[in-house]
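Residue numbers (our numbering): 1 to 70. Yeah, the Cβ is synthetic: ideal placement off N, Cα and C, and Gly gets one too. These figures come from a predicted structure and were not determined experimentally.
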Amino acid sequence: MSERVFFWCRSCRQPLYATSSATTGTDRDWEIDHQQPGTCRNGHLLPLTGTAPAPEALLDAPRILRLFDG
1 MSERVFFWCR SCRQPLYATS SATTGTDRDW EIDHQQPGTC RNGHLLPLTG TAPAPEALLD
61 APRILRLFDG
């Protein structure tokens, strides 16, 4: 990923971290969660994990991720 994107939680509006590792092809294994513990209505959906070419393609990503281009 050459561009820098910042992720925030749609529910609690707190910053999220995203880590990934390469897999076969263009997909990556992703893990996304809150940077700091706290109370969040989407807490039951996190950590958001899975294999996809981008975090936005993960299941439940539209319910969780709020994107800011940096």
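Start-to-end residues for the beta strand (DSSP E) that takes in residue i
i     : result
Ala18 : Leu16 to Ala22
Cys9  : Val5 to Cys9
Contacts around residue i, its chain only, beta-carbon distance under 6 Å, and the 5 residues preceding and following it disregarded
i     : result
Ser2  : Legend: pLDDT at Ser2 = 44, less than 50; position of this residue unreliable, value from coordinates given subsequently. Closer than 6 Å at Cβ, skipping near neighbours: no residue.
Arg66 : Trp8 and Arg10
Cross-strand partners of residue i (DSSP beta bridge)
i     : result
Ala52 : Arg28
Asp33 : Tyr17
Best match in the options for proximity to residue i [C-alpha to C-alpha]
i     : options                : result
Ala59 : Glu31, Gly38 and Thr23 : The question names Ala, but residue 59 in the sequence shown is Leu. Measuring from the Cα of Leu59, the nearest candidate turns out to be Glu31.
Own chain partners of residue i with C-beta closer than 8 Å, once the 5 adjacent residues on each side are dropped
i     : result
Cys40 : Cys9, Ser11, Cys12, Gln14, His34 and Leu46
Anticipated Cβ contact below 8 Å, residue i with residue j, distance rounded
i     : j     : result
Pro55 : Ala18 : 6 Å
Pro53 : Thr26 : 5 Å
Residue i: first and last residue of the uninterrupted alpha helix (DSSP H) it sits in
i     : result
Ala62 : Contrary to the premise, residue 62 reads as Pro rather than Ala in this sequence. Where Pro62 is concerned, the enclosing alpha helix (DSSP H) stretches over Ala61 to Ile64.
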